[in-house]
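In UniProt numbering, the protein residues as written are 1 to 565.
C-beta atoms are modelled at their ideal positions from N, C-alpha and C, and glycine is treated no differently.
Comments concern the structure below.
Shown next as structure tokens:
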């Protein structure tokens, strides 16, 4: 229970507070439209009025939140400030995209409720116009304001129309259609299969959020939801006067004709702050993207992995951070995130890019990946770099014991960590709090090991020279292999160095038994707080998260951290 509270306690608290605010707003605004001021509106619409307005309030709240988790510069600033006070609070900022998705789902839910309720409302507004018999109160209410068109209740002013025409000729209807279409496209293009396989579709479609917010702010301008004015309620009590509608406004009656007005638009008050912050965020990104970046070295690694070493004036980073990159010759609009594989101690920044899509393939070609000759420096493509941005890996050196788990190209943030470890020991830095690192790397094929093996060999040699063999324990797993490779490896297994990586530590085959690994580490470090850092797929994250919660041997506390970008 203690490990669960340490890993998930604050996250669950934040989610419960967020859900609680949603419930409060829904109930509060549902009840707010059951008051006497909206008595006559409910005569026409019934409770569909409250069912439309309550989710609208929740939409305002969640649309206020949706932009904040993607203000990366703001989050990096907050992360750097908060982590000095509370490491647990800072870790919540690493779950920004998860919260962003939850808010998006909540927006979709309330949008659906809001639309369904208003479909009923439009139908009932139309029905009240067709009640030609003047003995029906809804018909009488719909006729108010027909002469001067100032104080009306029914926004559908004639029976010579239909809901479809109203939908596309009113501000509320037209903006509602635009908002809904934009939201459907944004959410559907954000599905994992599309985002992974067609990133460009996800990237461009997501920018429909601009259309979404413009439509959202304009949606309430038409003031389609109307009720009695406060002054009118004072002289015309709807509870007493609703049955006397045939004599409203006549001499000798105590029930003058009711006066109606629409509610002023409120959405802009909710979203103007986050929209301003996001505009500032984009201005900062634009300014940084205009700073000159020079590609100093291009390395083509096996398994189609491209390494770019670059220099940018004034660039400072921490271990495990990431940047967004743009190549104008490929696309003026597309920015892609890549983890920095360089260390803070180095005089350049580097990224390793796996060639898996159209954009990365185009960059690979532009850098001469498909050529046998070396390109001149002046022929290399221009790139822009925005960042760096903070991640969970920044906290690595705040734990005495660390587990680093990388899957495939997910090893990149830990390349930065291990390089920094190497530099700290070369420089004999005595301020390193971390006393033990357990490194796990899971790869499906042997070629993927080659680009990272040099760093591991250097680290292994350095640790041996300084008699620090116990500082770094690395475990490399080959998760898939061919029969011919297996036969060759069996022959070479007795060799001093591993036939795949060239390391003293032998490569293991299959997948780790995480239960045994966690139990062993807990036994080795009783009472310690162990930082578990993962850059890998969701399934692996789920497995490690469960292990962190379930293992409490010897009072050891495992704190789970996952890269998200």
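query = If you draw a straight line from the alpha carbon of residue 177 to that of residue 167, how long is it in whole angstroms?
reply = 8 angstroms
query = Pick from 369, 51, 309: whose alpha carbon is nearest that of residue 348?
reply = 309
key: Closest Cα partner of residue 64 within the set 518, 189, 275   = 275
Three-state class that DSSP yields for residue 205 in the structure shown = helix
message = Output needed for residue 555: all residues of its chain with C-beta closer than 8 angstroms, excluding positions within five of it in sequence on either side, in chain order.
response = 526, 527
ask   = Nearest to residue 41 by alpha carbon, out of 239, 406, 533, 335?
value = 239
request  = Please state whether DSSP places residue 462 in a helix, a strand or coil.
outcome  = helix
message = Taking the alpha carbon of residue 61 as the reference point, which residue from 439, 530, 268, 443 has its own alpha carbon closest?
response = 268
task = Within the same chain, show all residues whose beta-carbon is closer than 6 angstroms to that of residue 175, passing over the 5 residues directly before and after it, in chain order.
result = 215, 218, 219
ask   = From residue 162 to residue 188, what distance separates their C-alpha atoms?
value = 31 angstroms
message = Using 8 angstroms for Cβ pairs, my map puts residue 563 next to residue 388. What's the rounded Cβ distance?
response = Actually they do not touch by this definition, with Cβ atoms about 13 angstroms apart.
query = Going by the beta-carbon positions, is the gap between residue 396 and residue 323 smaller than 8 angstroms?
reply = no
ask   = Just how far apart, CA to CA, sit residue 381 and residue 328?
value = 8 angstroms
query = Assuming residue 210 and residue 262 make a contact with CB atoms under 8 angstroms, what is their CB distance in whole Å?
reply = Between residue 262 and residue 210 the Cβ distance is about 27 angstroms, and since that is not below 8 angstroms, they are no contact.
key: Residue of 265, 264, 245 minimising C-alpha distance to residue 257   = 245
query = Hey, out of 233, 561, 270, 265, whose CA is closest to residue 254's CA?
reply = 233
query = What's the gap between the Cα of residue 183 and the Cα of residue 46?
reply = 28 angstroms
query = Quick one, which of 71, 314, 44, 48 has its alpha-carbon nearest residue 30's?
reply = 48
query = Short check: CB of residue 181 to CB of residue 205, under 8 angstroms?
reply = no
key: Buried versus exposed, by CB contacts within 10 Å (16 or more), residue 321   = buried
ask   = Using CA coordinates, which residue listed in 333, 294, 283, 370 is at the minimum distance from residue 301?
value = 370
message = Three or more C-beta pairs under 8 angstroms: does that hold for the region 64-74 against the region 23-39?
response = no
task = Ignoring anything shorter than 4 residues or poking outside the region 179-261, list the alpha helix (DSSP H) runs there in chain order.
result = 192-197, 199-206, 209-218, 230-235, 238-241
task = With DSSP as the reference, please indicate the residues paired to residue 324 in a beta bridge.
result = 337, 386
query = Can you give the Cα-Cα distance for residue 538 and residue 410, rounded to whole angstroms?
reply = 12 angstroms
task = Look at the alpha carbon of residue 476 and the alpha carbon of residue 549, and state the distance between them as a whole number of angstroms.
result = 24 angstroms
request  = Going by DSSP, name the residue or residues bridged to residue 441.
outcome  = 406, 476
task = Look at the alpha carbon of residue 391 and the alpha carbon of residue 231, and state the distance between them as a whole number of angstroms.
result = 56 angstroms
Exposure of residue 270, with buried meaning 16 or more beta-carbon neighbours within 10 Å = buried
key: Cβ separation of residue 341 and residue 415, assumed to be a contact under 8 angstroms, to the nearest whole Å   = 4 angstroms
ask   = Does the Cβ-Cβ distance between residue 439 and residue 472 come in under 8 angstroms?
value = yes
query = Using the beta-carbon count (16 or more within 10 Å), is residue 317 buried or exposed?
reply = buried
query = If you draw a straight line from the alpha carbon of residue 192 to that of residue 227, how long is it in whole angstroms?
reply = 45 angstroms
ask   = Of the choices 535, 560, 536, whose alpha-carbon is the least far from that of residue 546?
value = 560
message = Just to confirm before moving on: does the CB-CB distance between residue 405 and residue 533 stay below 8 angstroms?
response = yes
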